[in-house]
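Novice: Have a look at this one before I ask anything.
Residue numbers (UniProt numbering): 1 to 767.
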């Protein structure tokens, strides 16, 4: 912004008021004619200045460049279509053939952040978005600590006898199509797993959950110190498995995808189906969210950074392998048979260990990962609102992938790019949203939500005051069956209303709308489609929701989990997640990807243009009342014995219910006369989510600040309701941590205060 200093009328008046005609004797003798000439000259001068001002004002109003060379949102605005009419224009403009072109281009190379392929995609996105004609596009760089495998000395696990290597895990996945034969494919690794060598007995630990460790250490009295553990992927975040292993003094951990969790028995595997072949390996990070070196603050060039030697999150090596390789190790294990629910679908007898049936055999885990600071980039695009430019609707998806990422994330990136071109065409027709729409393509999500976390940290104070909603699509489609959505309760109604405007993507079905087929295939309560409120921290909505308090949603199309009770789409994070796989098995004609683009853009347009936001705060109060009842049913006896004040918590929940009902009644009956009235009501609803943010954060996890929803301490993929309370009770019950009762009382008190504060925000004055 350029600031100009000009002489005000008041200053000019003071200048001339200091002059008096009587002060100069020569002026007294001027004739009346001269006075008339003087006045005429002055009048003509004023008219000339007025004319010049009008001309300047005209050109300024039509040509002034807004911040970052944005187009003037008020220019060219004629008659605007209704919200629903505009949405129909947008969705009719969206072209699945363009989405297909985008995906083929974006997934034609490997796209890990901080690499040549990742940086190339940044430039492709920036160029395409600028060509779409939106107001402005920019990249935002951050210098973050990244983790990579050593190409010349790859990671592996060996089965050894003395100095003889009897078997060694593959250091690359077998090429099964043209793409998976490319030299740019990164070797399988777990980002931020510590480099090192571990050697010793092997122990099978099931999924590596707390209860799995408790079974071995308590039921079987097993000491895991110095052991190398082997766990199957799934159920909890892989980083939580490493953390649990580290807490039990294991020397290392190996993870694999068991066919029972990612395949169906007897089915053909890729490339003859979408099921994971025995050579496939799931890559993934084991680190926390955000840059290691600049916690809580953006990783800008001026930022203070911790020393790398002071990072102690992970101290043991970890490595993923294929289930074909895992079978070679598990087959040799000795010890008792694993319990029935620990047994997968490999053709072996699942045993726990410790060690191998041949006592001369040992496992040797070799990890040569390295960390270094590299620059990552976000691509951010803007359409400035015509009425409320300081209120934001944000659409986000990450562009980085472990390998090609045809599903995760680039099916979403392809859709987002087509949305931008559709909205760019709307601008060319003179149709502009009332509120600002921001498009976000995040870097280094796979390493730990780095791009989105650093950006939110940089703009936290602005987002906290002005952001209305964040709409996340980590990927658009992993199978062509049903919509899945995790959402803030506040966005639930906008989601439902928009799905009623989208055609059912299943052309073989008689159901007309996306809402209808969703409600048929995933019915929830009260005759509405099923959604979940536990967003977790598995994608970029995490920092928006759990730190900035921005109402958020994450959505995608997926498979029928009743038919296929698997934990994820099979080839997740492997080299086989290619365009070939996507077009043969996932969404062959891109119909579901198009439906996601329509839903995503439709929700954004509604939120950016509805005079009154469709936020029903009663959904939140209903959920909280249910959560409180659940706590009471689970813990009432032990809480009563320890004098935990659940009555105050119940009272606050009832107060919130009363305030929510009163507020919603007022919204329905309010006589809204002008934009200020809309603004007052909308701002209350926007800030309602923020009322659940505790600036102090959760115990031992200050990065998470949402009192109602936050990732579980023991699994960051899933949320707990009242996480501070539930995690503390877990420690009391599972770890016999009797000293945690005072912490529990504090967390119940904080939840009570927070709920009551949220109720206050809905009152007319609130003080």
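A virtual CB, placed ideally from N, CA and C, is assigned to each residue, including glycine.
Note that the structure is a prediction, hence the values are computed from the model and not measured.
What's the call for residue 748, buried or exposed, on a 16-neighbour Cβ count within 10 Å?
Specialist: Classification for residue 748: buried.
Novice: What does a CB cutoff of less than 7 Å around residue 210 pick up in its chain, not counting 5 residues either side in sequence?
Specialist: Only 244, 714, 734 meet the Cβ criterion.
Novice: Please say whether residue 571 and residue 407 have beta carbons closer to each other than 9 Å?
Specialist: Yes.
Novice: Check each candidate in 757, 240, 359, 423 and name the one with the smallest Cα separation from residue 384.
Specialist: Here the closest residue by C-alpha is 423.
Novice: Here's a check: name, in chain order, each residue in its chain whose Cβ is nearer than 6 Å to the Cβ of residue 552, leaving out the five neighbours to either side.
Specialist: Only 470, 488, 541, 544, 545 meet the Cβ criterion.
Novice: Taking just the CA atoms, how far does residue 712 sit from residue 727?
Specialist: C-alpha separation (whole angstroms): 7 Å.
Novice: By DSSP, does residue 351 sit in helix, in strand, or in coil?
Specialist: Residue 351 falls in the strand class under three-state DSSP.
Novice: Cβ atoms of residue 396 and residue 462: under 9 Å apart, would you say?
Specialist: For residue 462 and residue 396, no; Cβs fall outside 9 Å.
Novice: In whole angstroms, what separates the C-alpha of residue 376 from that of residue 666?
Specialist: Their Cα atoms are separated by approximately 47 Å.
Novice: I need the boundaries of the alpha helix (DSSP H) containing residue 123, first residue and last residue.
Specialist: Where residue 123 is concerned, the enclosing alpha helix (DSSP H) stretches over 116–131.
Novice: Can the beta-carbon of residue 208 be found closer than 9 Å to that of residue 448?
Specialist: No.
Novice: Under 9 Å between the Cβ atoms of residue 89 and residue 431?
Specialist: Yes. Within cutoff.
Novice: Could you round the C-beta distance between residue 722 and residue 631 to whole angstroms and report it? I think they count as a contact, below 8 Å.
Specialist: 7 Å between Cβ atoms; contact.
Novice: Which first and last residues belong to the alpha helix (DSSP H) in which residue 727 is found?
Specialist: Residue 727 -> alpha helix (DSSP H) spans 723–734.
Novice: Would you mind working out which of 592, 108, 669, 175 sits nearest residue 415, comparing C-alpha positions?
Specialist: Nearest of 592, 108, 669, 175 to residue 415, Cα basis: 592.
Novice: Can you find the residues in the same chain that come closer than 8 Å, C-beta to C-beta, to residue 759, ignoring five residues on each side of it along the sequence?
Specialist: So the list reads 652, 655, 656, 658, 659, 660, once near-sequence residues are dropped.
Novice: In the DSSP output, which residue or residues are listed as bridge partners for residue 378?
Specialist: Note: residue 378 sits in a beta bridge opposite 140.
Novice: Counting beta carbon pairs with one atom in the segment 220–238 and one in the segment 171–183, are three or more of them shorter than 8 Å?
Specialist: Because the criterion of three Cβ pairs below 8 Å is not met, the segment 171–183 and the segment 220–238 do not touch.
Novice: Within this structure, are the beta carbons of residue 93 and residue 194 separated by less than 9 Å?
Specialist: Contact: no.
Novice: For the 8 Å Cβ check, are there 3 or more pairs between the segment 150–170 and the segment 340–353?
Specialist: At 8 Å Cβ cutoff, the stretches do not touch.
Novice: Between which two residues does the alpha helix (DSSP H) containing residue 627 stretch?
Specialist: Counting along the chain, the alpha helix (DSSP H) containing residue 627 begins and ends at 617–641.
Novice: Taking all protein chains shown into account, do 16 or more other C-beta atoms lie within 10 angstroms of the C-beta of residue 336, making it buried, or fewer, making it exposed?
Specialist: Looking at its Cβ environment, which holds fewer than 16 other Cβ atoms inside 10 Å, residue 336 is exposed.
Novice: Which residue comes first and which comes last in the beta strand (DSSP E) that contains residue 397?
Specialist: It spans 388–398 - the beta strand (DSSP E) in which residue 397 sits, taken as one unbroken run.
Novice: Where does residue 675 fall in DSSP's three states?
Specialist: In the structure shown, residue 675 sits in a helix (DSSP, three-state: H, G or I).
Novice: Answer yes if the segment 671–686 comes into contact with the segment 499–515, meaning at least three C-beta pairs across the two stretches below 8 Å, and no otherwise.
Specialist: No: fewer than three Cβ pairs fall under 8 Å.
Novice: Strictly by DSSP, which residues pair up with residue 148?
Specialist: In the DSSP output, where bridge partners are listed per residue, residue 148 has 370.
Novice: Looking at the strands, I want to know which residues DSSP matches up with residue 555.
Specialist: The partner list for residue 555 (beta bridge, DSSP) reads 485.
Novice: Below 7 Å CB to CB, which residues in the same chain sit around residue 180 once its five sequence neighbours on both sides are set aside?
Specialist: Excluding sequence neighbours, residue 180 sits near 173, 575, 576, 578.
Novice: To the nearest angstrom, how far is it from the Cα of residue 356 to the Cα of residue 201?
Specialist: Approximately 7 Å, taken between the alpha carbons.
Novice: Would the beta-carbon of residue 491 fall within 9 Å of that of residue 596?
Specialist: Not closer than 9 Å, so no.
Novice: Going by Cα to Cα distance, which pick from 278, 707, 517, 367 is closest to residue 151?
Specialist: Answer by Cα proximity: 367.
Novice: Helix, strand or coil: which one does DSSP assign to residue 768?
Specialist: One cannot answer for residue 768 here, as it falls past the ends of the chain, which runs 1 to 767.
Novice: Can you look up residue 88 in the DSSP assignment and give me helix, strand or coil?
Specialist: DSSP places residue 88 in helix when its eight states are reduced to three.
Novice: How would you call residue 454, buried or exposed, if buried means at least 16 neighbouring beta carbons within 10 angstroms?
Specialist: When all chains shown are included, residue 454 counts as buried.
Novice: Since residue 633 contacts residue 646 with CB under 8 Å, what's their CB separation in whole angstroms?
Specialist: Residue 633 to residue 646, Cβ: 11 Å. No contact.
Novice: Looking at C-alpha atoms only, which residue of 328, 705, 755, 663 is the closest neighbour of residue 167?
Specialist: Among 328, 705, 755, 663, the Cα nearest to that of residue 167 is on 328.
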